[in-house]
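Below is one structure, written out as structure tokens, with a few remarks after it.
Residue numbers (my numbering): 3 to 246.
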């Protein structure tokens, strides 16, 4: 069966998740389609990581989750603890998840082929982020789920890594779900933004989300105003009326 553009990869309806009698997620509706980058934003404790884990089947969520049959998922977790005493090279680590050819190709695509013999424990934050991305794409995923892949990366590295993610999306046609706290990067790159605070507060294209009263209520009117200006400066489609 041919994979069609905009094919639905994963969806959730009425998704809920409770811990200790407290709702972490409530009545969530969410979907990701082939070829789009969907970014989750929200304050700390808003349920972003819990939603990703629910989509992956890692927590006992309620509601309905539907996945494309045989869906291949590449996952980068929020935290990756490193044992500083464990001798493990980048190449060996990546080959734990794919054969040598696929692992080496993924390292090359992530721009870190020269790190193959480097120790995982000695990598910088930016280098580790690229190794984890390489691991995620080594299995030729149809969906990438990336939980704060830019954490520990410097400002210059953030933009480069986000650009790499977008390039990989274009090359293999996968869908991407990304959690990020860098709202400027999100607004410049994402196809769709979902603002979460235990429930979906608002969603849409960046220019729609930053103008939504729910966004201003969550992040403050000053942030909303600054981002609205930023989004406008990065929206180069000025023909006709503004998009709605």
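All C-beta atoms in this analysis are idealised placements derived from N, C-alpha and C, irrespective of residue type, glycine included.
This one's a predicted model, so the numbers in the text were calculated from it and none came from an experiment.
Residue burial classification, residue i (beta-carbon count within 10 angstroms, cutoff 16)
| i | result |
| --- | --- |
| residue 125 | buried |
| residue 187 | buried |
| residue 290 | This structure cannot speak to residue 290, because the chain is shown only from 3 to 246. |
| residue 129 | buried |
| residue 50 | buried |
| residue 96 | buried |
| residue 111 | buried |
| residue 22 | exposed |
| residue 158 | exposed |
| residue 116 | exposed |
| residue 191 | buried |
| residue 86 | exposed |
| residue 98 | exposed |
| residue 90 | exposed |
| residue 59 | exposed |
| residue 76 | buried |
| residue 229 | buried |
| residue 73 | exposed |
| residue 17 | buried |
| residue 27 | buried |
| residue 88 | exposed |
Whole-angstrom C-beta distance between residue j and residue i, which should lie under 8 Å
| i | j | result |
| --- | --- | --- |
| residue 142 | residue 174 | 7 Å |
| residue 54 | residue 155 | Not quite, the Cβ-Cβ distance comes to about 19 Å (not below 8 Å), so this is no contact. |
| residue 144 | residue 177 | 7 Å |
| residue 149 | residue 78 | 6 Å |
| residue 2 | residue 52 | In the structure displayed, the chain extends from 3 to 246; residue 2 sits before or after that span and is not available. |
| residue 224 | residue 39 | About 26 Å separates the two Cβ atoms, so there is no contact after all. |
| residue 29 | residue 201 | 6 Å |
| residue 57 | residue 147 | 7 Å |
Near the ligand GDP: residue i beta-carbon under 6 Å from a heavy atom
| i | result |
| --- | --- |
| residue 45 | For the structure depicted, the ligand GDP is absent and the ligand set is empty, with no information on it obtainable. |
Contacting residues, own chain, Cβ-Cβ under 6 Å from residue i (five flanking each side not counted)
| i | result |
| --- | --- |
| residue 204 | 197, 211, 214, 216 and 217 |
| residue 133 | 92 |
| residue 153 | none |
| residue 108 | 136, 139 and 140 |
| residue 114 | 132 |
| residue 9 | 36 |
| residue 42 | 50, 181, 196 and 198 |
| residue 101 | none |
| residue 24 | none |
Same chain, Cβ closer than 8 Å to residue i, neighbours up to 5 away in sequence not counted
| i | result |
| --- | --- |
| residue 163 | 128, 131, 132, 135, 151, 152 and 155 |
| residue 248 | With the chain running from 3 to 246 in the structure shown, residue 248 is simply not present. |
| residue 80 | 51, 149, 150, 153 and 181 |
| residue 120 | 91, 92 and 129 |
Same chain, Cβ closer than 7 Å to residue i, neighbours up to 5 away in sequence not counted
| i | result |
| --- | --- |
| residue 245 | Residue placement at residue 245 is flagged as unreliable, the pLDDT there being 30, under the threshold of 50; the coordinate-derived value follows with that caveat. The residues are 207 and 209. |
| residue 184 | 152 and 160 |
| residue 61 | 19, 52 and 55 |
| residue 227 | none |
| residue 84 | 122 and 123 |
| field | Length-filtered (4 minimum) alpha helix (DSSP H) runs lying within the stretch 146-232 | value | 157-174, 185-191, 208-212 and 215-221
| said: Ignoring anything shorter than 4 residues, give me the alpha helix (DSSP H) runs that lie fully in the stretch 93-124, in order along the chain. | reply: 102-111
| Unbroken stretches of the beta strand (DSSP E), 3 residues or longer, contained in the stretch 8-83 | 10-21, 24-35, 39-43, 64-69 and 75-78
| field | contact_flag[the stretch 12-26, the stretch 58-67] where n(CB pairs < 8 Å) is 3 or more | value | yes
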